[in-house]
Amino acid sequence: MSFLDKWFWRRLFHKGQLIQALTVANNTIVMVGDSGTIFISTNDGHTWYSKNSGTSNTLNSIAFANNTFVAVGNSGTILISDTNGQTWHSKNSGTSNILNSITFGKNTFIAVGHSGTILISTDGGQTWRSKNSGTSNKLSGISFVNNNFIAFGDFDTILISKNGGHTWNSASLQ
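Just so we're aligned, residue 51 is where the sequence shown starts under my numbering, counting upward by one.
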């Protein structure tokens, strides 16, 4: 028996609806996507429940830390849930730029997006501050690696922060 023998197909979505990202924490799978879609499962994906996000904006990424899920998306959308995905609340991002990715490290959530947008939250996603990325390029993703944040984007953009996301430096490709 291979591991694929344990996979089951489930139809959750209306035709054309895309899921952009998922994360797993606290025995809960949370998926986010087009038109503010949020689905959660608490039984390893066997049953899914749609949750009200309160937005029609596409949600592009989701992260979890300190008992809080944080989702980011188009038009600067930031949603948080401290109820294991059951209820979601909008937070002011201070931007209308598309937010593409979010991660957590050093007790900090960091979101990145279009026009070099970098936002940080050190209070569990409640408040967000903009940081200077030094670029106007789209930032597509971010990760926490070896105690540093690394963001990447268009035109070979690679940025590194060694101090919790407060300042960013370009990395060079060799």
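Glycine included, C-beta positions come from ideal geometry on N, C-alpha and C.
message = According to DSSP, simplified to helix, strand and coil, what is G15?
response = Not covered by the structure: residue 15. The range shown for the chain is 51 to 224.
key: N- and C-terminal bounds of the beta strand (DSSP E) containing A115   = 109–115
request  = Output yes or no for whether 9 Å exceeds the beta carbon distance between A121 and I152.
outcome  = yes
request  = Could you tell me how far apart the beta carbons of L68 and G86 are, in whole angstroms, since I believe they sit closer than 8 Å?
outcome  = 12 Å between Cβ atoms; not a contact.
query = By DSSP, does S91 sit in helix, in strand, or in coil?
reply = strand
task = Could you tell me the distance, in whole angstroms, from the CA atom of W98 to the CA atom of N134?
result = 14 Å
ask   = Under a Cβ-count criterion, where at least 16 other Cβ atoms within 10 Å of its own Cβ denotes burial, should K101 be classed as buried or exposed?
value = buried
query = Among S140, I112, S186, which one has its Cα closest to the Cα of N147?
reply = S186
task = Let me know the secondary structure DSSP gives S151 once reduced to three states.
result = strand
request  = Starting from F159, trace the beta strand (DSSP E) both ways and give me its first and last residue.
outcome  = 158–163
request  = Grab me the residues of T177's own chain with a C-beta within less than 7 Å of its C-beta, minus the 5 sequence neighbours each way, in chain order.
outcome  = S171
task = Identify which residue in S140, G215, S183 has its Cα closest to the Cα of G203.
result = S183
Buried or exposed (CB count within 10 angstroms, at least 16 for buried), N110 = buried
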